[in-house]
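Notes follow the structure.
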Amino acid sequence: MPKPPPAESPMWKVIGAFGQLNVVAFRASGGRIGGAFGKAKILLLHHVGRKSGTKRVSPLIFLPDGPNLILVASKGGVDKHPAWYHNLMAASETEVELPGRERRRVRPRVADDQERARLWPRMVEIYKPYADYQTYTTRRIPLVVLEPA
Numbered sequence: 002m003p004k005p006p007p008a009e010s011p012m013w014k015v016i017g018a019f020g021q022l023n024v025v026a027f028r029a030s031g032g033r034i035g036g037a038f039g040k041a042k043i044l045l046l047h048h049v050g051r052k053s054g055t056k057r058v059s060p061l062i063f064l065p066d067g068p069n070l071i072l073v074a075s076k077g078g079v080d081k082h083p084a085w086y087h088n089l090m091a092a093s094e095t096e097v098e099l100p101g102r103e104r105r106r107v108r109p110r111v112a113d114d115q116e117r118a119r120l121w122p123r124m125v126e127i128y129k130p131y132a133d134y135q136t137y138t139t140r141r142i143p144l145v146v147l148e149p150a
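Residues are numbered in the working numbering as their position in the sequence shown, beginning at 1, plus a constant of 1.
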């Protein structure tokens, strides 16, 4: 898999535009369209810009883990965490939309080392490029645990 464009690349604006089309399709179809990518399930993460205060929605791959939902803050393996990660870590609580029109209030936190050791292989199993992404960067790609609020 080719290395992603640098974090400053205009290509990320194009990727963001496709993400917003995914949001529209997901909502219009209750997640039947845009609610999965291969083996991976997609959710819509609500977050607020920590600097701008702008409300945002990001489609992201997730893994159900008991009552929790697991996200990967990869941004394709670039050297900076995705903006949604910073926004989420600045918030005490947020909301997600799941396929089937389900909405859930959640509290975000970063997975600890033991959780990451258990969950990372499961994330790679549902979306193989995550393994490549980790090799592209020196940062440790965080796993975010969304716990029921």
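The C-beta atom is built at its ideal place from N, Cα and C for all residues, glycine as well.
Residue 52 is not bridged by DSSP to any residue.
In this chain, the beta strand (DSSP E) harbouring residue 71 covers 69-73. In this structure, residue 83 keeps its C-beta atom at 8 angstroms or more from the C-beta atom of residue 23. The beta-carbon distance between residue 100 and residue 32, rounded to whole angstroms, is 3 angstroms. This is short enough to meet the 8 angstroms contact definition.
Here the alpha carbons of residue 142 and residue 92 stand approximately 19 angstroms from one another. Nearest in C-alpha terms to residue 52, of all of 131, 114, 71, 87, is 87. For the pair residue 38 and residue 115, the Cα-to-Cα distance works out to about 27 angstroms. Put simply, of 41, 89, 29, 25 the residue whose alpha carbon is nearest the alpha carbon of residue 111 is 89.
Distance between residue 122 and residue 105, taken at the CA atoms: about 25 angstroms.
Pairing residue 107 with residue 98 gives a Cβ-Cβ distance that is not under 8 angstroms.
Here residue 56 has 49 as same chain residues with Cβ atoms under 6 angstroms from its own Cβ, once five neighbours each way along the sequence are excluded.
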